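Asker: First residue of the sequence shown? That's 2 in this note's numbering, and the numbers climb one at a time after it.
Beta carbons: idealized from backbone N, C-alpha and C, even for Gly.
Keep in mind the model is a prediction, meaning the values are calculated, not measured.
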Amino acid sequence: MAKSLHPERETQNRIVKFFEKELGYKYLGNLGDEENFNIRWGDWKKFLSDSGYSAPFVESLQNEFFKTLNDFSKSPYHTNKEVYRILKYGLKLAEFPGEAPKTVYFINWEEPEKNNFYIAEEVTVNGNVEKRPDIVLYINGIAIAVMELKKSTVSVADGIRQNVTNQREQFIQRFFSTIQICVAANDSEGLRYGTSGTTEKYYLEWKEDNFTDQLQDKDDLDKILEGKCSKQLNLLEQQCYRIFQKERLLDIIHNFIIFDSGIKKICRYNQFYAIKRCEKRLSRNQGGIVWHTQGSGKSLTMVWLAKWILENIKDSRVLIITDREELDDQIEKIFTGVDLNIKRSRSSDNLLKLLDGYDRLMCSLIHKFGRRTGDVSDLDYEKYVEELKKTIPADFSVKDKVFVFVDECHRTNSGKLHLAMKSIMPDSVFVGFTGTPLLKVDKEHKTTATLFGGFIHTYKFDQAVNDGVVLDLRYEARNIPQDVSNKEKIDAWFESKTKGLMPKAVAALKQKWATMQQLYSSKDRLEKIALDIILDFGNEKIKTVAIISGGAGDDLDQAIADNVDLYITGELGHEQFHLAKENEISVIAGGHYNTETVGVSLVMEKLMQETNIQGVFIDAPTNM
2 MAKSLHPERE TQNRIVKFFE KELGYKYLGN LGDEENFNIR WGDWKKFLSD
52 SGYSAPFVES LQNEFFKTLN DFSKSPYHTN KEVYRILKYG LKLAEFPGEA
102 PKTVYFINWE EPEKNNFYIA EEVTVNGNVE KRPDIVLYIN GIAIAVMELK
152 KSTVSVADGI RQNVTNQREQ FIQRFFSTIQ ICVAANDSEG LRYGTSGTTE
202 KYYLEWKEDN FTDQLQDKDD LDKILEGKCS KQLNLLEQQC YRIFQKERLL
252 DIIHNFIIFD SGIKKICRYN QFYAIKRCEK RLSRNQGGIV WHTQGSGKSL
302 TMVWLAKWIL ENIKDSRVLI ITDREELDDQ IEKIFTGVDL NIKRSRSSDN
352 LLKLLDGYDR LMCSLIHKFG RRTGDVSDLD YEKYVEELKK TIPADFSVKD
402 KVFVFVDECH RTNSGKLHLA MKSIMPDSVF VGFTGTPLLK VDKEHKTTAT
452 LFGGFIHTYK FDQAVNDGVV LDLRYEARNI PQDVSNKEKI DAWFESKTKG
502 LMPKAVAALK QKWATMQQLY SSKDRLEKIA LDIILDFGNE KIKTVAIISG
552 GAGDDLDQAI ADNVDLYITG ELGHEQFHLA KENEISVIAG GHYNTETVGV
602 SLVMEKLMQE TNIQGVFIDA PTNM
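(1) How should Y139 be labelled, buried or exposed, when 16 other C-beta atoms within 10 angstroms of its C-beta is the threshold for buried?
(2) Are W45 and N109 closer than 7 angstroms when you measure CB to CB?
(3) Among the residues of its own chain, which have a CB less than 6 angstroms from the CB of F176, if the five just before and after it don't count?
(4) Check whether the Cβ atoms of E36 and Y28 sit closer than 7 angstroms, and answer yes or no.
(5) D428: buried (16+ other C-beta within 10 angstroms of its C-beta) or exposed?
(6) With which residues is G25 paired in a DSSP beta bridge?
(7) What does a CB cutoff of less than 6 angstroms around D473 pick up in its chain, not counting 5 residues either side in sequence?
(8) Please name the residue in D210, K247, F453, N351 whose C-alpha comes closest to that of R282.
(9) Can you check whether the CB of K299 is closer than 7 angstroms to the CB of F434?
(10) Going by beta carbon distance, what residues of the same chain come within less than 7 angstroms of E333, once the five residues before and after it are set aside?
(11) So, are the CB atoms of A121 and V157 less than 7 angstroms apart?
(12) Classify S317 as helix, strand or coil using the three-state DSSP reduction.
(13) Between which two residues does the alpha helix (DSSP H) containing I276 stretch?
(14) When you compare each of T499, I87, P98 to V105 by their alpha carbons, which one comes out closest?
(15) Give, in chain order, every unbroken run of the beta strand (DSSP E) that is at least 3 residues long and sits entirely within the region 111 to 141.
(16) Just reading off the beta strand (DSSP E) that G191 is part of, what are its end residues?
(17) Taking the C-alpha atoms as reference points, what is the distance between K229 and Q174?
(18) Given that a residue counts as buried once 16 or more other Cβ atoms are within 10 Å of its Cβ, and exposed if not, what is F260?
(19) Tell me, please, which residues DSSP counts as bridged to A146.
(20) Can you give the beta carbon distance from T294 to G436, rounded, assuming they're within the 8 angstroms contact cut?
(21) Which of helix, strand or coil does DSSP assign to G591?
(22) Could you tell me if Q217 is buried or exposed, where buried requires 16 or more neighbouring beta carbons within 10 angstroms of its beta carbon?
(23) In terms of residue numbering, what span does the alpha helix (DSSP H) encompassing R162 cover?
(24) Ordered along the chain, which non-local residues of its own chain (more than five positions away) have a Cβ less than 7 angstroms from that of T80?
(25) Comparing C-alpha positions only, which one of E170, K400, K224 sits nearest to L320?
(26) Any contact between the region 555 to 571 and the region 580 to 589? By contact I mean 3 or more CB pairs, one from each, below 8 angstroms.
(27) What are the boundary residues of the alpha helix (DSSP H) that R249 is part of?
(28) Along the chain, where does the beta strand (DSSP E) containing L362 start, and where does it finish?
(29) Go ahead and pull the three-state DSSP assignment for A508.
(30) Looking only at C-alpha atoms, which of S153, I290, G198, L237 sits nearest to H458?
(31) Label G53 either buried or exposed according to how many other C-beta atoms from any shown protein chain fall within 10 Å of its C-beta, with 16 as the threshold for buried.
(32) Can you give the beta carbon distance from A553 to G571, rounded, assuming they're within the 8 angstroms contact cut?
(33) Please go through the same chain and pick out, in chain order, the residues whose beta-carbon is closer than 8 angstroms to the beta-carbon of K500, but skip the five residues on each side of it.
(34) Rounding to the nearest angstrom, what Cα-Cα distance links K219 and W305 in this structure?
(35) Classify T612: buried if its beta carbon has 16 or more other beta carbons within 10 angstroms, exposed otherwise.
Dropping the structure here:
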């Protein structure tokens, strides 16, 4: 059945009614015939008056707020950042001379229903050029979101570009100083969202949470929204529900927007759901693993989770652990870039001093390991733990409640590093972050997940590819010369191997082989292919080799543990590729079928020798 086409006006009318009836926003009308600003001062004053503030004090607050709104002396980013700071943390101002300043909030973050939510359409804004956003959403008179709606036959990309263009200096840039969410949408593609300053490339699609395990950790509000969305047949309306439901909207604005070294960012849906699940888990003093594939924003997920912990859990502290200098540098830069003071430790002794102190946000390089820094055995970790224990003073104690983030937590050789941390911080809660968890059990019968307490949330490679967050893997066929050099020997070999077969079977095999110009099982071929496709992550000279035919990518971690230089198997997944790269081991993925047939041929020859049973190997690729 063909999809019905929705003219833009029809879509806009329906969405306005949806916000009124389903989400409880008050309709302000069509504002196309009046001049509008990003603050509706009458509605703003009403909220503060209803909150108990006197009219003179509200006037003073307006004057101070107005200064920030109109300060474009640095950049739109800086202005928006200062406005956001006031919205989130309040404006401090003394009501009377000599009195201590009061912190006044223009949005009631704790009690959503005490705020006034408005929706208006065709909002005329006079900048250097007159513009008219289709829909503007207000909270207590403050413009919070803009929406550009298109009919089904017009791409959402057009609406995105309209939002981006409107924020330029020559248009209505100043209007966006209060805007937190920018939306473009139509009925066929649904909704795409960003924040002020987001470029077209980074607009996102909001989806429901696909992680169906550990449902006890699912956000209570999201369970309610799922029920509501199941009754909404239109994708656009479902997405509006998931973002603009009042409580959800305040949560996103308050906890999931960040200013990162000159770029304002808003969370992806996978980051949001992961953190909401972490909140539930951490409230029970339980840890676990956040498995989000490389490139999906794990670092910012850690930032948002750390901010939530420090702002919402009393006497809390956060320690971020990495195992490599470059990762430690990265963590420090990220947290510093979002204006969070982080104390960095470079030694075990210094770490103990930090834990015995009162710094709320810390990072530490615990132990370097990897092939470039030397092979690490269980004994090395045991020595490390012993050395650590020797430095612990008798009166040492970890102050307050420490939440430990372990970056790249799959690199915990048999759990020894994890045990080392537990020995120092026995009452701390550990959250591991990884894009490539070790799913295979180690010799202590532990996986990365079981070591940390199971998966809190997952966002895997195929999901990220589907969302356009990361690029798919591309495989290139390689044409390696493989010509047979001695056909007479091959004929003799063929005759010996087909003795005892019926003449018809021999003829059929001869016909197949006669059309072949290359011999696919030759030793020379395998050597040439190996030299061509070897991944040069490891040593230049290969001294030790581990081989498992077929689909044995999951056994790569065992090859790493055995310190081999080259691992040969049939096929590898995305996670194994990154695992090989991180541990600097060379790998050959020769193809599932191709590697298995070698073993089958060898077994057949052995059986023929030991049993005198005649046989012939028929190469019939499955192409699967």
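Answerer: On the basis of the coordinates in this document:
(1) So Y139 counts as buried.
(2) Cβ atoms of W45 and N109: not closer than 7 angstroms.
(3) Here the set comprises N39, V126.
(4) Not a contact, by the Cβ cut-off of 7 angstroms.
(5) With fewer than 16 neighbouring CB atoms inside 10 Å of its own CB, D428 falls in the exposed class.
(6) Paired residue(s): none; G25 is not in a bridge.
(7) Counting only Cβ-Cβ distances below 6 angstroms, and skipping sequence neighbours, we find V466.
(8) When only C-alpha atoms are compared, the closest one is F453.
(9) The Cβ atoms of F434 and K299 sit closer than 7 angstroms to each other.
(10) Cβ within range, chain order: I343, R345, C364.
(11) Not in contact: A121 and V157 (Cβ atoms no closer than 7 angstroms).
(12) S317 falls in the strand class under three-state DSSP.
(13) From DSSP, the alpha helix (DSSP H) with I276 extends over 270 to 284.
(14) Of the listed residues, the one whose Cα sits closest to V105 is I87.
(15) Under the rule that a run must span 3 or more residues, the beta strand (DSSP E) segments found entirely inside the region 111 to 141 read 118 to 122, 136 to 140.
(16) Element bounds for G191: 191 to 195.
(17) Going by the C-alpha atoms only, they are around 36 angstroms apart.
(18) Of the residues assessed, F260 falls on the buried side of the cut-off, its CB having 16 or more other CB atoms within 10 angstroms.
(19) DSSP lists L138, I182 as partners of A146.
(20) Contact flag correct, Cβ pair sits at about 5 angstroms.
(21) In this structure, G591 counts as coil in the three-state DSSP scheme.
(22) By the neighbour-count criterion, in which a residue is buried when 16 or more other Cβ atoms sit within 10 angstroms of its Cβ, Q217 is exposed.
(23) 157 to 167 is the span of the alpha helix (DSSP H), which, as asked, contains R162.
(24) Here T80 has D72, F73, S178 as same chain residues with Cβ atoms under 7 angstroms from its own Cβ, once five neighbours each way along the sequence are excluded.
(25) The residue from E170, K400, K224 with its alpha-carbon nearest to that of L320 is K400.
(26) Yes: the two stretches touch, three or more of their Cβ pairs being nearer than 8 angstroms.
(27) For R249, the enclosing alpha helix (DSSP H) covers residues 247 to 256.
(28) 362 to 366 is the extent of the beta strand (DSSP E) around L362.
(29) In this structure, A508 counts as helix in the three-state DSSP scheme.
(30) Checked all of S153, I290, G198, L237; the closest Cα to H458 is I290.
(31) Classification of G53: exposed, given that the 10 Å Cβ count is below 16.
(32) With a contact defined as Cβ atoms closer than 8 angstroms, A553 and G571 qualify at about 7 angstroms.
(33) For K500, the CB contacts under 8 angstroms within the same chain, skipping 5 residues up- and downstream, are Q615 in chain order.
(34) Rounded to whole angstroms, K219 to W305 spans 18 angstroms at the Cα level.
(35) Around the beta-carbon of T612, fewer than 16 other beta-carbon atoms lie within 10 Å, marking it exposed.
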